[in-house]
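Data first, discussion second: the structure below is written as structure tokens.
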Amino acid sequence: MLLIRCPYCEETLPEMEFTYAGEAHIVRPENPSDMSDEAWRDFLFIRSNVKGPHFERWRHSHGCARFFNAVRDTVSDRFLTTYKAGEPRPDLASLLSAAGQSESEK
Numbered sequence: 002m003l004l005i006r007c008p009y010c011e012e013t014l015p016e017m018e019f020t021y022a023g024e025a026h027i028v029r030p031e032n033p034s035d036m037s038d039e040a041w042r043d044f045l046f047i048r049s050n051v052k053g054p055h056f057e058r059w060r061h062s063h064g065c066a067r068f069f070n071a072v073r074d075t076v077s078d079r080f081l082t083t084y085k086a087g088e089p090r091p092d093l094a095s096l097l098s099a100a101g102q103s104e105s106e107k
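End of the sequence shown = 107 in the numbering used here, gap-free, step of one.
Listed below in structure tokens is the structure:
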């Protein structure tokens, strides 16, 4: 079972309390109607599939119902950190060193 910390409620709860909402920090195009079908398809469906730390968006669906971001290691399923929506990405090197890993290990 995954344990996830909601940065708004400041509680660590089982994953059943949360809903995965896709990759974090995806910026919506300003004028989607000006995009080609292929570019729009890529925006909607093409996402990175990294092995290692991945920036994700989650929702505390059975709690405060707010969206937040997280950095989760896709190999170990361990959450390195969670942070409020709208906050900048945390420094990945700092997170990995705090977890006792280096980027070359990923």
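C-beta: ideal position from N, C-alpha, C; glycine also.
Can you tell me which of the three DSSP states residue i falls into?
i, result
"A100", "coil"
"K107", "Confidence at K107 is low in this model, with a pLDDT of 47, below 50, so its placement is unreliable and no value can be given for it."
"R48", "coil"
Do residue j and residue i count as a contact pair if the criterion is CB distance below 8 angstroms?
i, j, result
"R60", "F68", "yes"
"I121", "T83", "Lying outside 2 to 107, the shown extent of the chain, residue 121 is not represented and no answer is given."
"H26", "R73", "no"
"N70", "R58", "yes"
"H63", "E11", "no"
"F56", "E88", "no"
Take the Cβ of residue i as the centre, count every other Cβ of all protein chains shown within 10 Å, and call the residue buried at 16 or more, exposed below.
i, result
"L97", "buried"
"P54", "buried"
For this session: Would you mind listing the beta strand (DSSP E) stretches within the region 60-100 that are 3+ residues and don't spill past its ends, in chain order?
Result: Taking only runs of at least 3 residues, the beta strand (DSSP E) segments lying wholly in the region 60-100 are 68-74, 80-85.
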